Amino acid sequence: MDDEFDDELEHLRKKRLEEIKAKMKYPKEPIKVDDKTLDEVVQRYPLMVIDCWAAWCMPCRIIEPVIEELAREYAGRVVFGKLNVDENRISAQRFGIMSIPTLLFFKNGKLVDLLVGAVPKEHIISKIQRIR
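Its first residue numbered 7, the sequence shown is counted upward by one per residue in our numbering.
Set out below in structure tokens:
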């Protein structure tokens with residue numbers, strides 16, 4: 007009986023250690039994503055939010071610190087990425103980006119939702135909680 011308990015305890019310990027290691031690999035700030043890396047990156051992380059932006063876009067600048075803050079707050083659970091639509095027109099066209107900023111929400115590599123505009127932080131948090 008003790009051996010079974012010890013084995014189960016060891017199994018749980020290893021599982022928890024792997025979870026902690028996985029969280030440590032998650033970036034704590036938004037990562038740059040481009041046409042070449044987008045598919046690989048959204049497959050790597052179970053939950054990802056990509057901020058589609060451009061340098062000339064004032065609403066994009068307004069939402070940028072919110073995205074950076076959320077990346078820190080959700081580190082280990084959600085990865086945030088940044089996709090410059092002027093430099094990555096293939097991805098912008100692929101996802102039908104007509105207005106920026108647009109936030110793309112991916113779960114297990116699939117686009118599941120989006121938000122358009124410089125929305126409040128609470129809207130983004132609400133969307134994340136719904137798709138988790």
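All residues carry an ideal CB built from backbone N, CA and C; glycine is no exception.
Since this is a predicted model, take the numbers as computed values, not measurements.
- Excluding the 5 residues flanking it on each side, Leu53 has same chain C-beta neighbours closer than 6 Å at Val84, Lys113, in chain order.
- At least 8 Å separates the beta-carbon of Ser105 from that of Asp41.
- Collapsing the DSSP output to three states places Met54 in a strand.
- Using a Cβ distance threshold of 8 Å, Val118 and Phe111 count as a contacting pair.
- A check of alpha carbon separations from Tyr80 across Asp13, Glu35, Ile137 identifies Glu35 as the nearest.
- Lys116 is bridged by DSSP to Lys113.
- The beta-carbon distance between Val91 and Ile103, rounded to whole angstroms, is 6 Å. This is short enough to meet the 8 Å contact definition.
- Here the C-alpha atom of Asp45 lies approximately 41 Å from the C-alpha atom of Asp12.
- Phe11 carries a helical assignment under DSSP once its states are collapsed to helix, strand and coil.
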